[in-house]
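Comments concern the structure below.
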Amino acid sequence: MSDNKKHHISTYNSHLIVLIALLVLTTITVLITQINFGAFSVGVALAVAMIKGGLVLTYFMHLKYDEMVFRIMVLLILLLFAIVVGITFIDYLLR
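All you need for the working numbering is the position in the sequence shown, starting with 1, plus 2.
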């Protein structure tokens, strides 16, 4: 980083809130395995995993406070990942 930019320091409270959110989402993921969603079971589990990944990227990896170019790169990678997962689901459903 250049010298004219301020560094962001996260508070313990924000880390604690994100930790609690991640623990709640992990509990939801475990509970999802006990409910039969049929063909959508994997999709629901992946949706919860994407939310957890977004929290980790945003707060623990400080993407929220980083430059826009890094956010765009991460979003492009996530878009590519979503396309690959979508193609995988299409292949799975057409078998």
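For every residue, glycine included, the Cβ atom is placed at its ideal position computed from N, Cα and C.
Nearest to residue i by alpha carbon, out of the options?
i	options	result
Val-50	Val-26, Asp-68, Lys-66 and Ala-41	Val-26
Ile-22	Thr-35, Tyr-61 and His-10	Tyr-61
Find out if the Cβ-Cβ distance for the pair residue i, residue j is shorter than 9 Å.
i	j	result
Ala-47	Leu-95	no
Val-58	Leu-24	yes
Leu-65	Arg-73	yes
Tyr-67	His-10	yes
Thr-28	Lys-8	no
Gly-45	Phe-91	yes
Can you tell me which of the three DSSP states residue i falls into?
i	result
Met-63	coil
Arg-73	helix
Is residue i close to chain B, meaning its C-beta is less than 9 Å from at least one C-beta of that chain?
i	result
Ile-22	Of the protein chains in the structure, only one exists, and it is not chain B.
Measure the C-alpha to C-alpha separation of residue i and residue j and round it to an integer number of angstroms.
i	j	result
Gly-88	Thr-31	20 Å
His-52	Ile-19	For the sequence presented, residue 52 should be read as Met rather than His. Answer to the nearest angstrom: the Cα atoms are 18 Å apart.
Thr-71	Phe-39	The identity of residue 71 in the sequence shown is Val, whereas the question assumes Thr. Their Cα atoms are separated by approximately 38 Å.
Met-63	Thr-35	29 Å
Ser-43	Leu-33	11 Å
Asp-2	Ile-37	Residue 2 lies beyond the range of the chain shown here (3 to 97); nothing can be said about it.
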